[in-house]
Amino acid sequence: MISILIIGILIIACELILAFLFSLIAQQYYKKSEIDIRSISKGFIERLFLTIFMFNGIPHALTFFSALKLATRLKHDDKTGETEKFNSYYLIGNMVSVTVALFYVYIWNHAGDIENAVNRVLNK
């Protein structure tokens, strides 16, 4: 039971940190001063999608996700500096999201180990 609580806290903490970091980066890139809740929500849903499918042993979701993201967002029509910058920003953001989703699955798969470690620390 405690492992589920720990996993929940870790996921919430990671999502808050990611939202903050992505907002800072987006503000630098897009020169906006407000936080884009819509983009933060989409990122969370994407990571949730990947986490659920990877947890259930369906790694093909990574291929689907990658193809979908690339097909809908990359700009190949012109090779200006802004386009190159956008593509780099976008790809790095997607790689971070996929890595975080894989981290969530890893945490879930090792929940028993986490609970044992917490119990050892609390019992000392």
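Counting in this note's numbering, the sequence shown runs from 2 upward without gaps.
Where a beta carbon is used, it is the ideal one built from N, C-alpha and C, also for glycine.
As the structure is a prediction and not an experimental result, all values here were calculated from the model.
Would you tell me roughly how many angstroms separate the C-alpha atoms of residue i and residue j, rounded to the nearest one?
{"i": "A118", "j": "T100", "result": "23 Å"}
{"i": "I18", "j": "L92", "result": "19 Å"}
{"i": "S4", "j": "F104", "result": "15 Å"}
{"i": "I188", "j": "N120", "result": "Lying before the first or after the last residue shown, residue 188 is absent from the chain, which here runs from 2 to 125."}
{"i": "I112", "j": "E83", "result": "The sequence given here places Ala at residue 112; Ile does not occur at that position. The alpha-carbon atoms of A112 and E83 are separated by roughly 43 Å."}
{"i": "L71", "j": "I8", "result": "30 Å"}
{"i": "F23", "j": "D114", "result": "31 Å"}
{"i": "L89", "j": "T73", "result": "At residue 89 the sequence reads Ser, which differs from the Leu that was named. Distance between the alpha carbons of S89 and T73: 15 Å."}
{"i": "F54", "j": "Q29", "result": "33 Å"}
{"i": "V106", "j": "M96", "result": "15 Å"}
{"i": "F45", "j": "V122", "result": "31 Å"}
{"i": "A10", "j": "L69", "result": "Looking at the sequence itself, residue 10 is Ile, so the reference to Ala does not match. Going from the Cα of I10 to the Cα of L69 covers about 30 Å."}
{"i": "S98", "j": "R48", "result": "6 Å"}
Is it buried or exposed, residue i, if we count other Cβ atoms within 10 angstroms and call 16 or more buried?
{"i": "I12", "result": "buried"}
{"i": "L51", "result": "buried"}
{"i": "E35", "result": "exposed"}
{"i": "E85", "result": "exposed"}
{"i": "A14", "result": "exposed"}
{"i": "R39", "result": "exposed"}
Using only CA atoms, which one of the options lies nearest to residue i?
{"i": "W109", "options": "G58, F21, K32", "result": "G58"}
{"i": "S67", "options": "F56, A27, G94, K86", "result": "G94"}
So is residue i in contact with chain B if we call contact Cβ pairs under 7 Å?
{"i": "T84", "result": "You won't find chain B in this structure, because it holds only one protein chain."}
Please specify which runs of the alpha helix (DSSP H), each continuous and at least 4 residues long, are wholly inside the stretch 24-74, giving them in chain order.
38-56, 61-74
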